[in-house]
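For the sequence shown, the numbering used here assigns the number 58 to the initial residue and increments by one for each residue that follows.
Just so it is clear, CB atoms sit at the ideal spot from N, CA and C, and this is done for glycine as well.
This report concerns only the one structure given below.
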Amino acid sequence: MLIGSILKTKPIESPMNTRMCKQKNGEPLALIGQPDVDWELDTHLDQVEETEEESLWRVIIHNDDVTPMEFVVMILQRIFELLPLQAEHVMIMAHYTGMAYVCTLPLSEAKSRVGKAHFAAQLEGYPLRFTIEPE
Numbered sequence: 058m059l060i061g062s063i064l065k066t067k068p069i070e071s072p073m074n075t076r077m078c079k080q081k082n083g084e085p086l087a088l089i090g091q092p093d094v095d096w097e098l099d100t101h102l103d104q105v106e107e108t109e110e111e112s113l114w115r116v117i118i119h120n121d122d123v124t125p126m127e128f129v130v131m132i133l134q135r136i137f138e139l140l141p142l143q144a145e146h147v148m149i150m151a152h153y154t155g156m157a158y159v160c161t162l163p164l165s166e167a168k169s170r171v172g173k174a175h176f177a178a179q180l181e182g183y184p185l186r187f188t189i190e191p192e
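Written out as structure tokens, the structure reads:
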């Protein structure tokens, strides 16, 4: 992580790094450039990143009567990286049941791929729709 690596780098030795920061009440806060300062922000950001990575979401495709089946299969293969037979199976399931499970991804990846799929469908004038739901 960029912030963590910046905060943990060794300080440049200079007279500016040796002065004390003071709180409003006059007590010393920390020595600027002190290498063993406990950066709580860095720890918090690492925890947030791990939580987001662990949060998995299901991508669901919804049937419509306009989008061609070939286009749906192409989107499932190119954007969601399904194999040809998997993509055809998902498309058929959505066609006959109204919706179908596509895949499970971390939240940010699910949002990104759904956004790409919606964008590609809109460019072609199709109402193809995907949603995401918690695992």
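Start and end of the beta strand (DSSP E) containing P191? The count along the sequence shown starts at 1 and reaches residue 191 at position 134. Per DSSP, the continuous beta strand (DSSP E) segment holding P191 begins and ends at 186 to 191.
If I measure Cβ to Cβ from V130 and keep anything under 7 Å in the same chain, skipping five residues before and after, which residues do I get? Taking the sequence shown and counting its residues from 1, the one referred to as residue 130 is at position 73. So the qualifying residues of the chain are A144, E145, M148.
Beta-ladder partner(s) of V116, from DSSP: Within the sequence shown, the letter at position 59 stands for residue 116. DSSP, once it has assigned bridges, lists C160, I189 as partnering V116.
Does the Cβ of R170 have 16 or more other Cβ atoms within 10 Å, making it buried, or fewer, making it exposed? The residue given as residue 170 occupies position 113 in the sequence shown. It is buried - the Cβ of R170 has at least 16 other Cβ atoms within 10 Å.
Round the Cβ separation of E192 and T161 to the nearest angstrom and send it over; I've been treating them as touching at under 8 Å. Against the sequence shown, residue 192 aligns to sequence position 135. Against the sequence shown, residue 161 aligns to sequence position 104. About 6 Å separates the two Cβ atoms, so the contact holds.
Residue range of the alpha helix (DSSP H) that V147 falls in? Indexing the sequence shown from 1 puts residue 147 at position 90. 141 to 154 is the span of the alpha helix (DSSP H), which, as asked, contains V147.
Considering only residues of the same chain and omitting the five flanking positions on each side of Q134, which have a CB-CB separation below 7 Å? The count along the sequence shown starts at 1 and reaches residue 134 at position 77. Excluding residues up to 5 positions away in sequence, P141, A144 lie with their Cβ nearer than 7 Å to the Cβ of Q134 in the same chain.
Do the CB positions of M156 and I117 come within less than 7 Å of each other? Walking along the sequence shown from the start, residue 156 turns up at place 99. Walking along the sequence shown from the start, residue 117 turns up at place 60. Result yes, Cβ atoms of M156 and I117 sit closer than 7 Å.
With H, G and I counted as helix, E and B as strand and the rest as coil, what does DSSP make of F128? Position 71 of the sequence shown, counted from the start, is the residue given in the question as residue 128. F128 falls in the helix class under three-state DSSP.
Coarse secondary structure for F137, derived from DSSP in three states: Walking along the sequence shown from the start, residue 137 turns up at place 80. Three-state DSSP puts F137 in coil, outside helix and strand.
Is V123 helix, strand or coil by DSSP? Taking the sequence shown and counting its residues from 1, one reaches residue 123 at position 66. Note: V123 maps to coil in three-state DSSP.
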